[in-house]
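These protein sequence lines map, in sequence, to chains R and U.
Here the working numbering = 1-based position in the first sequence + 558.
Here the working numbering = 1-based position in the second sequence + 1456.
The beta carbon of each residue, even a glycine, is placed where N, CA and C say it ideally should be.
Below is one structure, written out as structure tokens, with a few remarks after it.
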Amino acid sequence: MSTTLPLPETTERPNYLNVDYSWKSWLFTTDHKRIALLYLFSITAFFLVGAVFAGLMRLNLLFPDGLFEHDTYNKFFTMHGVIMVFFFLVPSIPATLGNFLLPIMIGARDLAFPRINLLSWYIYIAGGVFAVLAIVKGGVDTGWTFYAPFSTTYSNTHVILAAIGVFISGFSSILTGLNFIVTVHKMRAPGMTWSRLPLFVWAHYATSLIQVLGTPVVAITIVLLMLERILHAGIFDPNLGGDPVLFQHLFWFYSHPAVYIMILPGMGVVSEIIACYSRKGIFGYGFVAFSSVAIAVLGFMVWGHHLFVAGQSMYASMVFSFISFLVAVPSAIKVFNWTATMYKGSITFDTPMLYALGFIGLFTIGGLTGLFLATMAIDVHLTDTYFVIAHFHYVMVGGMVLAFLGGIHFWFPKMTGRLYPEMWARLAAAIIFVGFNLTFFPQFILGYLGMPRRYATYAQEFQVLHVLSTAGASILGVGYLLPLIYLTWAWRKGERSPQNPWQAKGLEWEQSPTPPPTFNFDVPPVVTERPYNYSEEVEVGGY
Amino acid sequence: MADTDLSVAAHAAPTTLKHHFDDREQQLESSTLGMWVFLLTEIMFFGGMFGAYTVYRNLYPAAFASTSHYMNVTLGATNTAVLIFSSLTMALAVRSAQLGQKRALISFLTFTLILGLVFLSIKYVEYHEKWVDHHIPGPGFHYAEPQYFHQAQILFFLYFAMTGLHALHMIVGAGLIITLIAMAARNRFSSGWYTPVEMIGLYWHFVDIVWIFLFPLLYLIGRTMR
Ligand SMILES: [Cu+2]
Chain R
559 MSTTLPLPET
569 TERPNYLNVD
579 YSWKSWLFTT
589 DHKRIALLYL
599 FSITAFFLVG
609 AVFAGLMRLN
619 LLFPDGLFEH
629 DTYNKFFTMH
639 GVIMVFFFLV
649 PSIPATLGNF
659 LLPIMIGARD
669 LAFPRINLLS
679 WYIYIAGGVF
689 AVLAIVKGGV
699 DTGWTFYAPF
709 STTYSNTHVI
719 LAAIGVFISG
729 FSSILTGLNF
739 IVTVHKMRAP
749 GMTWSRLPLF
759 VWAHYATSLI
769 QVLGTPVVAI
779 TIVLLMLERI
789 LHAGIFDPNL
799 GGDPVLFQHL
809 FWFYSHPAVY
819 IMILPGMGVV
829 SEIIACYSRK
839 GIFGYGFVAF
849 SSVAIAVLGF
859 MVWGHHLFVA
869 GQSMYASMVF
879 SFISFLVAVP
889 SAIKVFNWTA
899 TMYKGSITFD
909 TPMLYALGFI
919 GLFTIGGLTG
929 LFLATMAIDV
939 HLTDTYFVIA
949 HFHYVMVGGM
959 VLAFLGGIHF
969 WFPKMTGRLY
979 PEMWARLAAA
989 IIFVGFNLTF
999 FPQFILGYLG
1009 MPRRYATYAQ
1019 EFQVLHVLST
1029 AGASILGVGY
1039 LLPLIYLTWA
1049 WRKGERSPQN
1059 PWQAKGLEWE
1069 QSPTPPPTFN
1079 FDVPPVVTER
1089 PYNYSEEVEV
1099 GGY
Chain U
1457 MADTDLSVAA
1467 HAAPTTLKHH
1477 FDDREQQLES
1487 STLGMWVFLL
1497 TEIMFFGGMF
1507 GAYTVYRNLY
1517 PAAFASTSHY
1527 MNVTLGATNT
1537 AVLIFSSLTM
1547 ALAVRSAQLG
1557 QKRALISFLT
1567 FTLILGLVFL
1577 SIKYVEYHEK
1587 WVDHHIPGPG
1597 FHYAEPQYFH
1607 QAQILFFLYF
1617 AMTGLHALHM
1627 IVGAGLIITL
1637 IAMAARNRFS
1647 SGWYTPVEMI
1657 GLYWHFVDIV
1667 WIFLFPLLYL
1677 IGRTMR
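Written out as structure tokens, the structure is:
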């Protein structure tokens, strides 16, 4: 393509990637797009580490008597959880796609605080160093939840190192959220009203609220945990007059809303993809936008559903159960609206759309099984079983990871200026979908039959289901490796992308060059139409 | 990199607009909103501890009344006065910056800094008293009323965690004020641009307000129960 353009000196126009290739220009960049890529490479590395631990767990569970020492197995699931939750899922979409796209989508030249943005990446890396140190020195065995008093009194593993890692990385999440909130409020281009914000931006705004309000609470909880582990003053130790359930309250006050940090951005991605590949405006835009905020707000009032069997007051449990049902409503609104968007749309099944459809199906299963667990009586049977594991992996992996991959494919041309090989990408999407379901669907049955989570061994009768699950995990692993390979290849050798390869709507495709220049736009962007105007209708009372 | 050069330029001539803002108003509004959001996270940060405090105070009111007799109310009250006064000098410093009065700005900031250091010194004396009395939670903890030993230890744990975190914020604040004084001395501020003074002022007031809650909750509230 570029050979036909009358550009005598350079084949490529200046963009954020080719302005400077030095390592300093990357490590000291304040460009949100470069920081997004720094995050992308870092979280991918952590994802691989977390995945290795998952693989080791599945290997152990091939055999009823296990393969590794039980203590070693405890470390596998702990490190898998800590790495995946705090170092992959929480930053996954916001710090990469959000960082890259949010300013462009609202027509800004950068986030409001570019240097704080860079700082957040360094903080993330510093936290990651402690987590890796905890692994290298022998691991942690408390589970990712760090429940007291096991973590404060009894565990003889490197709890403090891991806790410092989680504590530090929390601040990177806070700073990202703070930056997004200010950017959305203050940096919108002319004509970019709140009712024209892409749903991706709405979802990230809601996510940021949780990051800013929730993360400090888990940070202080971890401080108390570390102090208690050093001093043994008894604040979480029932032997010394302390209350271990208080730790659970403080922990879940953050960690339940945190599951919305881990799903809302995915919902934002899916909204963009569904609209583009259905060639239709999002049905009920306002409902989808506000449902994100509703999820963020209600999400702060449901943490008690993790404490139904922890000795929490029955009346508190009833309220928490009720609100947990309520929070399903805005999630369902999204699913209904996506479905209605596709109705009578001109749907094409390109790779991002395959991931988005996978998201809708798997998130629905994950969400509905969440209602089983929010029901107090059923939860007594299902608490701490594989049913819980299957439930949140359907949301976190079937939801967030699929949305992440869908988003990475959808905006890959934007970020790299290249196209990925479509057939390989569709194949990988199919393999991931099959592998995922084979891994986690048997776990619903395992849990229903009574197989507890976090056990290194199990009764003979569970072996068939565990073998199926491990087989699925192997397929899933292949599915993850494929995009890693062909996307790396495409970044160097892929066909060059036109500015808007999907004919998508939105400032990032329509008004920003591909890949974008350092300040995102050649001409200051102006917004003159409603979002997702795929049918090219004139706005009522138009502009 | 062009990007870095611009931010360096923004330092040299502070009134210069950073590259990604349209005008100075937008820049100021962004900083202000950012600061308020940051303070919101601080409220949640302290909030977790206030939550733990509330739980234990409700569980162990009698032990609480007992421990509050070992708090040094005179020193605590003095420190409250010191901090309220430092909020006044901080407010005056912001006003001087607004009016572009460099010398007044520097002296009010210095006053604030001194008051902050007075607070920290008094806090040190108090901590030292607790050390002498074996009221530091952990293996060396002793308590005069044995029936409250464990409960009192938890309450002292909270006392140290809450006032310690507050003192840490004071130390950070003192460092920030020193930076402000250095910037003011190098004529970085003008009546047209004094955003850092205003932002750090907000932070200082916030830290003061936290103490306004800590003092009655930790020192006063149990003393009437006997
Ligand atoms: Cu939950």
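Review point. Do you know offhand how far S1463 (chain U)'s Cα is from H1476 (chain U)'s?
Key: Low local confidence applies: a pLDDT of 41 at S1463 (chain U) is under 50, so the model's placement there is unreliable, with the coordinate-based value given in what follows. Taking the Cα positions, S1463 (chain U) is about 10 Å away from H1476 (chain U).
Practice item. May I ask you to report which of helix, strand or coil DSSP gives W810 (chain R)? Key: Looking at W810 (chain R) - three-state DSSP - the assignment turns out to be helix.
Point to revise | Nonlocal neighbours in the same chain, by C-beta distance under 8 Å from D1589 (chain U), ignoring five residues either side | key: For D1589 (chain U), where only same-chain residues beyond five positions count, the Cβ hits under 8 Å are Y1526, H1598.
Practice item. Determine whether the Cβ of L1571 (chain U) lies closer than 7 Å to any Cβ atom of chain R. Key: No - not a single Cβ of chain R is within 7 Å of the one on L1571 (chain U).
Check your understanding: So with Cβ pairs under 7 Å, would you call T1497 (chain U) a contact of chain R?
Key -> Yes, because at least one Cβ of chain R sits closer than 7 Å to the Cβ of T1497 (chain U).
Check your understanding: In whole angstroms, what is the alpha-carbon distance linking P802 (chain R) and T974 (chain R)?
Key -> Answer to the nearest angstrom: the Cα atoms are 49 Å apart.
Practice item. Check each residue of the region 835 to 858 of chain R: if its Cβ is closer than 7 Å to any Cβ of chain U, include it; give the result in chain order. Key: Answer set for the region 835 to 858 of chain R: empty.
Check your understanding: From what residue to what residue does the alpha helix (DSSP H) around D937 (chain R) run?
Key -> Boundaries of the alpha helix (DSSP H) harbouring D937 (chain R): 934 to 940, taken from the DSSP string.
Check your understanding: For I1540 (chain U) and chain R, any beta-carbon pair shorter than 7 Å?
Key -> Taking 7 Å as the CB threshold, I1540 (chain U) stays off the interface with chain R.
Practice item. Go to N737 (chain R), then tell me how far its alpha helix (DSSP H) extends in each direction, as first and last residue. Key: Per DSSP, N737 (chain R) belongs to the alpha helix (DSSP H) from 717 to 744.
Check your understanding: Of all the residues that make up the region 659 to 676 of chain R, which are near chain U by a beta-carbon distance shorter than 9 Å?
Key -> Shown in chain order are the members of the region 659 to 676 of chain R whose Cβ falls below 9 Å from a Cβ of chain U: P661, A666, R667, D668, L669, A670, F671, P672, R673, I674.
Point to revise | D1080 (chain R) to G842 (chain R) span [Cα, whole Å] | key: Each residue's alpha carbon lies about 33 Å from the other.
Check your understanding: How do the region 962 to 980 of chain R and the region 653 to 660 of chain R stand: do at least 3 beta-carbon pairs fall below 8 Å, yes or no?
Key -> Enough Cβ pairs lie closer than 8 Å, so yes.
Point to revise | Beta carbon proximity, M1527 (chain U) to chain R, threshold 7 Å | key: No, its Cβ sits nowhere closer than 7 Å to a Cβ of chain R.
Check your understanding: How many Å lie between A987 (chain R) and H1661 (chain U) at the Cα?
Key -> Using only the alpha carbons, I get a separation of about 53 Å.
Review point. Just curious, the alpha helix (DSSP H) that T1072 (chain R) is in, first and last residue?
Key: Here T1072 (chain R) belongs to no alpha helix (DSSP H), and DSSP marks it neither H nor E.
Check your understanding: Taking DSSP as the reference, what is the three-state secondary structure of R1054 (chain R)?
Key -> In this structure, R1054 (chain R) counts as strand in the three-state DSSP scheme.
Review point. Which residue comes first and which comes last in the alpha helix (DSSP H) that contains R673 (chain R)?
Key: Residues 672 to 694.
Point to revise | Segment contact flag, the region 1081 to 1088 of chain R with the region 746 to 753 of chain R, C-beta cutoff 8 Å, min 3 pairs | key: Three or more pairs of CB atoms, one per stretch, sit closer than 8 Å, so the region 1081 to 1088 of chain R contacts the region 746 to 753 of chain R.
Check your understanding: Should H814 (chain R) be listed as close to ligand 1, given that the test is whether its C-beta is under 6 Å from any heavy atom?
Key -> Yes, ligand 1 has a heavy atom inside 6 Å of this Cβ.
**Study point:** Simplified DSSP state of S1646 (chain U), which is helix, strand or coil
**Key:** Reduced to three states, the DSSP call for S1646 (chain U) is strand.
Review point. Relative to ligand 2, is the shortest distance from any of its heavy atoms to the C-beta of N1058 (chain R) smaller than 6 Å?
Key: Ligands displayed in this structure: ligand 1; ligand 2 is not among them.
Point to revise | Start and end residues, alpha helix (DSSP H) containing V1581 (chain U) | key: Unbroken alpha helix (DSSP H) run through V1581 (chain U): 1558 to 1588.
Practice item. Please report the Cβ distance between E1528 (chain U) and E1582 (chain U), rounded to the nearest whole angstrom; I am assuming they are in contact, meaning their Cβ atoms lie under 8 Å. Key: Residue identity differs from the one stated: residue 1528 (chain U) is Asn in this sequence, not Glu. Going by Cβ atoms, the distance from N1528 (chain U) to E1582 (chain U) rounds to 6 Å, so yes, they are a contact pair.
Check your understanding: Would you call I1134 (chain R) buried or exposed, if buried means 16 or more other Cβ atoms sit within 10 Å of its Cβ?
Key -> An answer regarding residue 1134 (chain R) cannot be provided, because it is not within the stretch 559 to 1101 covered by chain R.
Check your understanding: Under the rule that 16 or more other beta-carbon atoms within 10 Å means buried, what is V887 (chain R), buried or exposed?
Key -> Taking all protein chains in view, the Cβ of V887 (chain R) is surrounded by fewer than 16 other Cβ atoms within 10 Å, so the residue is classified as exposed.
Point to revise | the region 579 to 586 of chain R in contact with the region 1066 to 1083 of chain R per 3-pair CB rule at 8 Å | key: Short answer: they don't touch.
**Study point:** Where I593 (chain R) meets chain U, residues with beta-carbon distance less than 9 Å
**Key:** Around I593 (chain R), no beta-carbon contact reaches into chain U at under 9 Å, the shortest distance being about 11 Å.
Check your understanding: Does DSSP put T703 (chain R) in a helix, a strand or coil?
Key -> If DSSP states are grouped into helix, strand and coil, T703 (chain R) belongs with coil.
Review point. Using the C-alpha atoms, what's the distance from S1646 (chain U) back to Q1557 (chain U)?
Key: Rounded to whole angstroms, the gap between the alpha carbons of Q1557 (chain U) and S1646 (chain U) is 8 Å.
Point to revise | the region 1482 to 1500 of chain U touching the region 755 to 765 of chain R, judged by at least three CB pairs closer than 8 Å | key: Taking one beta carbon from each stretch, the region 1482 to 1500 of chain U and the region 755 to 765 of chain R have fewer than 3 pairs nearer than 8 Å; the two do not touch.
Practice item. Flag P774 (chain R) as yes if its beta-carbon sits less than 7 Å from any beta-carbon of chain U, otherwise no. Key: Closer than 7 Å to some Cβ of chain U, the Cβ of P774 (chain R) qualifies, so yes.
Point to revise | Sequence-distant residues of the same chain with beta carbon closer than 6 Å to T909 (chain R), five excluded per side | key: Only H967, A983, R984, A987 meet the Cβ criterion.
Check your understanding: Does any C-beta atom of chain R lie closer than 7 Å to the C-beta of G1721 (chain U)?
Key -> Because chain U is modelled from 1457 through 1682, residue 1721 (chain U) falls outside the range shown and cannot be assessed.
Point to revise | For A760 (chain R), the first and last residue of its enclosing alpha helix (DSSP H) | key: Before going on, a small fix: residue 760 (chain R) reads as Trp here, not Ala. Counted as a single uninterrupted DSSP element, the alpha helix (DSSP H) harbouring W760 (chain R) occupies residues 757 to 789.
Point to revise | Neighbourhood of R673 (chain R) by C-beta distance below 7 Å, restricted to the same chain and skipping five residues each side | key: Cβ contact annotation for R673 (chain R) (same chain, cutoff 7 Å, sequence separation greater than five): T588, in chain order.
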